[in-house]
Amino acid sequence: MAMNKNTVLAWATWIMIFVGLALIALGAFRYDDVAGWGFAAVGIGFFSIAWVFNALKGRM
Numbered sequence: 001m002a003m004n005k006n007t008v009l010a011w012a013t014w015i016m017i018f019v020g021l022a023l024i025a026l027g028a029f030r031y032d033d034v035a036g037w038g039f040a041a042v043g044i045g046f047f048s049i050a051w052v053f054n055a056l057k058g059r060m
C-alpha cells in the first residue's frame, strides 16, 4: 500500500479521533474532579486538530 499525503492525513485523522474519544471517556468516567474537565477539554482539542487534518486532505 502506497502512503501518499492524503492517506497519511486520513490515518492521522482517525488516530486523533480515537485518542480524542478516549480522553473524553477518561474525563467522563474515570475522573470525577477537576482533572476530568481537563481530559475532556484536551479531547475536544484533539477533535479540532482532526478536523483540520481532514480539511487538508486533497489540498496539500
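Take 1 as the starting number for the sequence shown in full-length UniProt numbering and just add one per residue. Ideal Cβ positions, reconstructed from N, Cα and C, are used throughout, including at glycine.
Return the chain-ordered list of same chain residues with a C-beta closer than 6 Å to the C-beta of residue i, the five sequence neighbours on each side being excluded.
| i | result |
| --- | --- |
| ILE49 | MET16 |
| ALA10 | none |
| GLY27 | GLY36, PHE39 and ALA40 |
Check residue i in the structure and name its three-state DSSP category.
| i | result |
| --- | --- |
| ARG59 | coil |
| ASN6 | helix |
Assign residue i to buried or exposed, taking buried as 16 or more other Cβ atoms, counted over all protein chains shown, within 10 Å of its Cβ.
| i | result |
| --- | --- |
| ILE44 | exposed |
| PHE46 | buried |
| PHE53 | buried |
For residue i, collect the residues of the same chain with a Cβ closer than 7 Å to its Cβ; drop the 5 residues on either side in sequence, then sort them by chain order.
| i | result |
| --- | --- |
| ARG59 | none |
| MET6 | Per the sequence presented here, residue 6 reads as Asn, with Met not at that position. Same-chain partners within the cutoff: LYS57 and GLY58. |
If we call anything under 8 Å between Cβ atoms a contact, is residue i one with residue j?
| i | j | result |
| --- | --- | --- |
| VAL42 | LEU23 | yes |
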